[in-house]
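Colleague:
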Amino acid sequence: MTCAQLDQLLDDYLDDRLDAAVRGDLESHLAGCGNCRAAEERLRTVLEGARRLPRSIDPPRNLWPEIAARLPAREAPAVAGRITWRRWLPLAAAAVLLIAVTAVVTRQLSRRPPVIAAAPTPAPTAGAGFASDRDYVLAAEDLERVLREGRDRLAPATVEIIERNLALIDAAIAEAREALRADPANADLRALLWGAHRQKLDLLDRATRLTRS
Amino acid sequence: MRIAMSCLVLLAALPPGAGAQAPSHQGRAIAPAAAVRIFNLAGTVRVTGWNRDSIDVTAVVPEGAGRLVFGGGSGGVKLGIDPPVGVVNYPGSLVEVKVSSLARVWIKTESAEILVSGLTSSVDVSSVSGRIVITGEVAQVSAESMDGGIDVEVTAALVRLKSAGGAIVLRGQATDATLSTVSGAATAVVRGLERGRMETVGGNLTFDTELRAGGNYTLESHSGDINIRLPAAVNGAVDLSALEGRVVNRLTKNPVRSANRGRGESAAFSAGTADADLVARTFKGTITIELQTN
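Right under this line is the structure:
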């Protein structure tokens, strides 16, 4: 088994969904590969953390300022001729954190069957998952704020691309949300709404990374 | 002679009036599976895998475009063009790298195009607006762009391609592939696929593959059309849902039903051992499923 193959099977391994032969192969590989063992431990930690989360949590509004506070000063002048490796470490940590949160959200949403709402609700919620429409909105607002702060570091053409695509996603979210209000039990609609939210967070994440690079 | 010829080729590839300087050339021995990080904001990055435990870098950096930097050791190398400080518009540089085919390569550009071939381990590239082209037999491919096109023709275990406005094309063989765009079109003509996910908001999706035993495939769009092309012998369960759009079934005789209070359409059928799952959903696009033509 290669590291890439193991990577694909890791989720199923941790969920105890592998047959004995594959599981044996995987564990043999783990025993001899430090990188894969570390990856397995990281994922196990994330999943353990996810299991400990309450059924509803505060949105990550309070998370970002802490991340942002750890970022290096953006006004620091570039030192010609030197490759500032250390500058990337906090950014990488922030990115890993964001990816971990996104991964957990995605995992929760993709694993749990959508809950059939008993009655129409004013705003769509994820029900069984710990994320809700509002959670996504608040997370996006944090990233949008960071993007606004760093916008002048982007080329005008790049800003135009980002804004055009964000507008498209926002319109899709609005349409899906409206439709879900009329048909709150529709699992396909819900999946499309969460998909659009994830696309927005992902685009914002990539855009904010650009402002720092 | 080889280096001289490379330099001539590189010089010829520069745009007219770029004020080209003589190519810089550097090389060193590295571990076969070394990590190689390359950056060049504007111009071109071309990386080719070769069967040697070394890295060979040739760069053409026009006047005012910055300078080539090259550092690291046997296990890892970082190289690229350090742009001039405080200058917004500067000419693009050409960076040509030949590196052990087993190297793990990471490339970052802004407008520079990225051309990669002959690598076998992992390739991770990102660009803002530059075109990305990756070919070869490589274990893992990850490519990300804001607006540039991504064109990947590989045999790979894992493929992750992501763009906002640019178009994505994946051809070849892959075990696990994810293609994601916001407004750009995405096309996957892939064989051997066991897990596939394509998602877009407004772009059109084309998914041309066969359903493998135990395979899982998800296609989602908001307003883009989804075109699915399968072989005649479908071996799996297919579930198509257009909430406010249309479903066109040209593959089987299964009926398309009105759904969602008459505003949308859906179709579902299964055939063969039905141990693969294909789900396609769109809000207001059209889903078309039809026979492969090749």
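Chains as they are written, first to last, in this note's numbering: chain C, 1 to 213; chain U, 1001 to 1294.
Backbone N, C-alpha and C define an ideal beta-carbon position, used for all residues, glycine too.
Keep in mind it's a predicted model, so treat the numbers as computed, not measured.
Please state if the CB of V1279 (chain U) and the CB of T1209 (chain U) are separated by a distance shorter than 8 Å.
Modeller: no
Colleague: Anything in chain U within Cβ reach of R164 (chain C), meaning under 8 Å, just list it in chain order.
Modeller: G1165, S1183
Colleague: Go ahead and pull the three-state DSSP assignment for T208 (chain C).
Modeller: helix
Colleague: Would a check of beta-carbon distances place L203 (chain C) closer than 8 Å to chain U?
Modeller: yes
Colleague: How many angstroms separate the CA atom of L985 (chain U) from the CA atom of G1236 (chain U)?
Modeller: Here chain U has residues from 1001 to 1294 only, and residue 985 (chain U) is not among them.
Colleague: State the CB to CB distance for the pair R1257 (chain U) and E1290 (chain U), rounded to an integer number of angstroms; the pair is presumed to be in contact (CB under 8 Å).
Modeller: The Cβ separation is near 18 Å, so there is no contact.
Colleague: Can you list the residues of chain C that M1146 (chain U) reaches, using a CB-CB cut of under 9 Å?
Modeller: T158, I161, I162, N165, L203, R206, A207, L210
Colleague: Hey, is G150 (chain C)'s beta-carbon within less than 8 Å of any beta-carbon in chain U?
Modeller: no
Colleague: Give a yes or no on whether the minimum CB-CB distance between E175 (chain C) and chain U is below 8 Å.
Modeller: yes
Colleague: Would you check if the stretch 1062 to 1077 of chain U and the stretch 1114 to 1123 of chain U touch, i.e. whether three or more CB-CB distances between them fall below 8 Å?
Modeller: no
Colleague: Which partner residues of V159 (chain C) appear in the DSSP bridge assignment?
Modeller: None, per the DSSP bridge assignment.
Colleague: So, is the C-beta of G1136 (chain U) closer than 8 Å to a C-beta in chain C?
Modeller: Taking CB atoms only, G1136 (chain U) has no neighbour in chain C less than 8 Å away.
Colleague: Tell me, please, which residues DSSP counts as bridged to A1237 (chain U).
Modeller: Per DSSP, U:S1270, U:D1277.
Colleague: With 8 Å set as the bound, which would you pick, yes or no: does the beta-carbon of G1073 (chain U) sit closer than that to a beta-carbon of chain C?
Modeller: no
Colleague: Suppose the cutoff is 6 Å on Cβ atoms and the five residues either side in sequence are ignored; what does the same chain contact list for Q1026 (chain U) look like?
Modeller: Once the five neighbours on either side are set aside, the close Cβ partners of Q1026 (chain U) are V1057, F1070.
Colleague: From U:A1139, U:D1239, U:T1293, pick the residue whose C-alpha is nearest to that of P1255 (chain U); which is it?
Modeller: U:D1239
Colleague: Enumerated in chain order, which unbroken segments of the beta strand (DSSP E) with a length of 3 residues or greater are wholly contained in the stretch 1112 to 1142 of chain U?
Modeller: If we require 3 residues or more, the beta strand (DSSP E) runs fully inside the stretch 1112 to 1142 of chain U come out as 1113 to 1117, 1122 to 1127, 1132 to 1137.
Colleague: What would DSSP say about K1108 (chain U), mapped onto helix, strand or coil?
Modeller: strand
Colleague: Just verifying my parser: in three-state terms, what is the DSSP assignment at H29 (chain C)?
Modeller: Note: H29 (chain C) maps to helix in three-state DSSP.
Colleague: Which residues does DSSP pair with R37 (chain C) in a beta bridge?
Modeller: Its beta-bridge partners do not exist; DSSP assigns none.
Colleague: Can you tell me whether R1229 (chain U) is buried or exposed, with buried defined as 16 or more other CB within 10 angstroms of its CB?
Modeller: buried
Colleague: With a threshold of 7 Å, establish whether the CB of L1211 (chain U) neighbours any heavy atom of the ligand COA.
Modeller: As presented, the structure is devoid of all ligands, the ligand COA included, so that no description of it is given.
Colleague: Could you run through the stretch 1155 to 1180 of chain U and flag, in chain order, every residue whose CB is less than 8 Å away from some CB of chain C?
Modeller: For the stretch 1155 to 1180 of chain U, the set of residues with a beta-carbon nearer than 8 Å to any beta-carbon of chain C comprises A1157, L1158, K1162, A1164, G1165, T1175, D1176, S1180, in chain order.
Colleague: Is the stretch 1160 to 1170 of chain U in contact with the stretch 172 to 189 of chain C, if contact means three or more CB pairs nearer than 8 Å?
Modeller: no
Colleague: Using a beta-carbon distance below 8 Å, is G195 (chain C) in contact with chain U?
Modeller: Closer than 8 Å to some Cβ of chain U, the Cβ of G195 (chain C) qualifies, so yes.
Colleague: Using 8 Å as the threshold, is the C-beta distance between D1147 (chain U) and S1129 (chain U) below it?
Modeller: yes
Colleague: Pick helix, strand or coil for N165 (chain C), following the three-state DSSP scheme.
Modeller: N165 (chain C) sits in a helix when the DSSP states are folded into three classes.
Colleague: For E1194 (chain U), write down the residues that DSSP places opposite it in a beta bridge.
Modeller: Answer is none; E1194 (chain U) lacks a bridge partner.
Colleague: Given this structure, state the Cα-to-Cα distance separating A126 (chain C) from G1202 (chain U), to the nearest angstrom.
Modeller: Legend: pLDDT at A126 (chain C) = 45, less than 50; position of this residue unreliable, value from coordinates given subsequently. Distance between the alpha carbons of A126 (chain C) and G1202 (chain U) is about 24 Å.
Colleague: Using a Cβ-Cβ cut-off of less than 7 Å, list which residues of the stretch 1187 to 1210 of chain U approach chain C; keep chain order.
Modeller: E1199, V1201, G1202
Colleague: Here's the rule: buried if 16 or more other CB atoms are within 10 angstroms of the residue's CB, otherwise exposed. What is V1087 (chain U)?
Modeller: exposed
Colleague: Using beta carbons (cut-off 8 Å, strictly below), is Q1140 (chain U) in contact with chain D?
Modeller: Absent here is chain D; the protein component of the structure consists of chains C and U.
Colleague: Does the contact criterion of 3 or more C-beta pairs under 8 Å hold for the stretch 1179 to 1193 of chain U versus the stretch 1240 to 1248 of chain U?
Modeller: no
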